[in-house]
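Below is one structure; the comments refer to it alone.
Protein chains: 2
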Amino acid sequence: MAAPDIPVNIDEKLAMLVELWSPRIVGEINDLHVKVVRVEGEFVWHTHDDTDEFFLVRRGDLTIEMRGRDPVSVGPGDFFVVPRGVEHRPVASSACELVLIEPKGVVNTGDATDLDLTAGETWI
Amino acid sequence: MAAPDIPVNIDEKLAMLVELWSPRIVGEINDLHVKVVRVEGEFVWHTHDDTDEFFLVRRGDLTIEMRGRDPVSVGPGDFFVVPRGVEHRPVASSACELVLIEPKGVVNTGDATDLDLTAGETWI
């Protein structure tokens, strides 16, 4: 699927999601993908060695735990960038809707090996 | 100024803006800057030959006119990516607040020469 050449409404895309923790691509900026994802519960600890990862919270509250430092709490209208190489685990105690931005080809589970949680590159 | 290592609230940053059409940097993702800007009226026609430009509307309505194709209307919660090489002009009939994402070093006026509108690279 090609990048859309019309405006994309983030909430409409979020409403189309079926599975938790399964990011879907909604746009592209150069070599990056813009994705939406709905999460709840705890993800796996993982690291992206070669890229930062941008999290923008649209609805709900996200805690990002990071190895070796205090967790951060990211609320609606907040964004946080996990620096490359920092092992992290997103956690949401209730449903939370996010926009992610990261390079094309980045796997959501990074270096982790829990294949049940690994999402493919799918547009929505 | 270094990139923040805490969550950034977009609305708080937008509230700190003083001038129209003067993007301020609020974060970074790899070689990109995340910026906020408040706009009203017509910007200059310009082109970024080497990069796409991401516009996310937080408040208000933005029209993006593009040479050779119909304009698009971008409302709250919508994003639109102007492809590289496409001459464009953002227009807002009333106050509009945006998040922009584009590579570090990109000048807001692109190839245009209206230096009064050209913003430096300033964090807020």
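Chains A and B, in that order, give the protein sequences. Everything in the first sequence is counted per the working numbering, starting at 1308 for the first residue and increasing by one. Everything in the second sequence is counted per the working numbering, starting at 1308 for the first residue and increasing by one. Don't be surprised by glycine CBs; every beta carbon is placed ideally from N, CA and C.
Let's test the definition: count the other Cβ atoms within 10 Å of the Cβ of residue i and tell me whether it reaches 16, buried, or not, exposed.
i, result
"T1416 of chain A", "buried"
"K1411 of chain A", "exposed"
"P1397 of chain B", "buried"
"D1357 of chain A", "exposed"
"A1402 of chain B", "exposed"
"E1319 of chain A", "exposed"
"E1335 of chain B", "buried"
"I1302 of chain A", "The question about residue 1302 of chain A has no answer, for chain A in this structure spans 1308 to 1431."
"A1399 of chain A", "buried"
"P1378 of chain B", "exposed"
"V1315 of chain A", "buried"
"V1333 of chain B", "buried"
"D1385 of chain B", "buried"
"D1359 of chain A", "buried"
"E1326 of chain B", "exposed"
"R1331 of chain B", "buried"
Could you check what DSSP says for residue i in three-state terms: helix, strand or coil?
i, result
"L1342 of chain B", "The question names Leu, but residue 1342 of chain B is Lys in the sequence shown. Three-state DSSP puts K1342 of chain B in a strand."
"I1313 of chain A", "coil"
"D1435 of chain A", "Outside the modelled stretch of chain A, which goes from 1308 to 1431, sits residue 1435 of chain A, for which no answer is possible."
"D1377 of chain A", "strand"
"L1424 of chain A", "helix"
"F1350 of chain A", "coil"
"E1326 of chain A", "coil"
"H1355 of chain B", "coil"
"P1390 of chain A", "coil"
"D1418 of chain A", "coil"
"G1334 of chain B", "strand"
"D1368 of chain B", "coil"
"I1431 of chain B", "coil"
"P1383 of chain A", "coil"
"V1413 of chain B", "coil"
Please determine whether the Cβ atom of residue i lies at a distance below 8 Å from any heavy atom of the ligand ATP.
i, result
"K1320 of chain A", "Inclusion of the ligand ATP in the displayed structure is not the case, the ligand content being empty and no account of it being possible."
Chain B contacts made by the region 1384-1408 of chain A, where a contact means CB separation under 7 Å: G1384, D1385, F1386, F1387, V1388, I1408
Going along the chain, which residues of the region 1316-1335 of chain B sit with their C-beta nearer than 9 Å to a C-beta in chain A? N1316, I1317, D1318, E1319, V1333, G1334, E1335
Looking at chain B, which residues of the region 1344-1364 of chain A have a Cβ within less than 7 Å of any of its Cβ atoms? T1358, D1359, F1361
If you pair each beta-carbon of the region 1335-1347 of chain A with each one of the region 1384-1396 of chain A, do three or more pairs fall below 8 Å? no
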